[in-house]
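Down below is the structure, laid out as structure tokens.
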Amino acid sequence: MSELVPGGNLPLPGGTLTLRVPGPFDVSALVTDDSGKVRGDGDFVFYNQRTAPGIRLAGAELTVDPAALRAGASRVTVAISPADPGTPLGQLPAPSLHVTGPGGHVVARFTPPRPQRETVLLLAEIYRRGPAWKLRALGQGYADGLAGVARDFGVDVVEDTTPASGAVAGAGGSADAPPRSGTAPEPGRFRIPGIAGDGRDGG
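Below is the structure:
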């Protein structure tokens with residue numbers, strides 16, 4: 001097993017990889033070509049869109065099969081954000097990325113420098129180099145949330161202005177009732193047009 005440092009890289013074995021980040025984090029991935037931009041919103045894998053060609057998100061685990069990525073893809077960037085949106089990562093346990101290959105063989109581990117006020121951390125990228133695939137440790141922080149990262153990669157996102165308390169039918173009122181006094185949009189929430197719901201509790 002290799003212990004990576006920011007900027008460090010290593011060749012990857014063939015087959016499906018499993019990337020896991022234990023803790024109170026949401027894991028996401030962005031599939032890009034050499035331009036560093038997504039081809040469409042389907043290239044963003046996160047809690048509301050858990051699959052893309054060659055990629056599947058299940059809880060804290062992301063599985064990536066580089067050979068099965070969509071045509072033209074040459075990079076998968078893996079990010080984490082707090083499961084409680086808007087919480088600075090510095091208030092949470094230090095994240096650590098564990099990468100395993102086929103058969104559970106441990107490939108690498110990466111523990112980045114502890115973030116502070118950042119709300120998203122780009123942990124690593126899987127990228128094509130000639131005919132082979134490699135892993136590079138990143139550790140790059142963002143302070144403007146997962147929506148800001150998604151925009152930088154070319155994803156069409158809209159800030160969610162739904163109050164954090166939410167209007168829920170069957171709880172003594174109508175779903176169309178106005179929010180209670182004092183509620184405010186939950187920080188860090190966003191949506192992609194055409195993708196509905198908050199799938200954090202999904203499988």
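Residue numbers (full-length UniProt numbering): 1 to 203. For each residue, glycine too, the CB sits at the ideal point set by N, CA and C.
- The beta-carbon separation of Val107 and Val27, rounded to 17 angstroms, does not stay under the 8 angstroms limit for a contact.
- Scanning the UniProt domain "TerD" (25-153) for uninterrupted alpha helix (DSSP H) segments of 4 residues or longer gives 145-152, listed from N- to C-terminal end.
- Rounded to the nearest whole angstrom, the C-alpha separation of Gly40 and Val155 is 7 angstroms.
- Nearest neighbour of Gly7 by Cα position, chosen from Pro95, Asp84, Pro113, Phe44, turns out to be Pro113.
- Around the C-beta of Thr51, fewer than 16 other C-beta atoms lie within 10 Å, and the residue is accordingly described as exposed.
- Nearest to Glu118 by alpha-carbon distance, out of Arg128, Gly36, Gln140, Thr100, is Gln140.
- Secondary structure of Leu12 (DSSP, three-state): coil.
- Pro82 and Phe25 do touch by the CB rule: their CB atoms are close to 7 angstroms apart, below 8 angstroms.
- The C-beta separation of Ser2 from Leu12 comes to about 11 angstroms, leaving the pair out of contact by the 8 angstroms criterion.
- Between Asp65 and Leu135, the alpha-carbon positions lie close to 13 angstroms from each other.
- Here the alpha carbon of Leu122 sits roughly 11 angstroms from the alpha carbon of Leu97.
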